């Protein structure tokens, strides 16, 4: 199950996200916050896999909130403004949902979220069952 958190200050947008998450069999909504600072406290004690994050929030913007988290969960930005799309990708967000968005667009964004089972350990898969050497020699130059 993908544990989700909504950080959105507009009740109609909260309801849409809650409804869409509720329709997904592999997702569970853990909490909804209208304020990013309150969500920050929640994230310190709860494991979350995916945040639906509005950009225009009271006290601190969604972008600034995201910059304060050292190891954030996956994030899908939700906003009525396309102005922040480029900056959002510099923050490694999964997707950028422009409000209002359809359920189909929501599902498309959610399907981009990597899961533990869909992301094999790349090192293990690259080396197979071989052991990793303790010493690695690198030759440089053309002598």
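In my numbering, the protein residues as written are 20 to 162. Beta carbons: idealized from backbone N, C-alpha and C, even for Gly. Owing to the predicted nature of the structure, the values given are computational and were not obtained by experimental measurement.
query: Helix, strand or coil: how does DSSP classify residue 46 here?
result: Collapsing the DSSP output to three states places residue 46 in a strand.
- request: Using the DSSP secondary-structure output, state which residues sit across from residue 73 in a beta bridge.
  value: Beta-bridge annotation (DSSP): residue 73 is paired with 97.
- request: Counting only the same chain and skipping the five closest in sequence on each side, list residues whose C-beta sits under 6 Å from that of residue 99.
  value: For residue 99, same chain residues with a beta-carbon under 6 Å away, outside a window of 5 residues either side, are 118 in chain order.
- prompt: Quick one: what's got a C-beta closer than 6 Å to residue 24's C-beta in the same chain, skipping five residues either side?
  reply: Once the five neighbours on either side are set aside, the close Cβ partners of residue 24 are 49, 50, 67, 70.
task: Can you give me the start and stop residues for the alpha helix (DSSP H) that residue 88 sits inside?
output: According to the DSSP assignment, residue 88 belongs to no alpha helix (DSSP H), since it is labelled neither H nor E.
- prompt: Across which residues does DSSP place residue 22 in a beta bridge pair?
  reply: In DSSP, residue 22 forms a bridge with 47.
message: Determine whether the beta carbon atoms of residue 72 and residue 26 lie at a separation below 9 Å.
response: Yes, the pair counts as a contact, with Cβ atoms nearer than the cut-off.
- prompt: Which first and last residues belong to the alpha helix (DSSP H) in which residue 60 is found?
  reply: Per DSSP, residue 60 belongs to the alpha helix (DSSP H) from 55–64.
field: Check whether residue 128 and residue 114 have beta carbons under 9 Å apart
entry: Residue 128 is a Cβ neighbour of residue 114, given a cutoff of 9 Å.
- prompt: Which residues in the same chain have their Cβ closer than 7 Å to the Cβ of residue 43, if we skip the five residues on either side of it in sequence?
  reply: Excluding positions up to five away in sequence, the list reads 129.
field: Among 89, 90, 22, the one whose alpha carbon lies nearest that of residue 45
entry: It is 22 whose Cα lies nearest to the Cα of residue 45.
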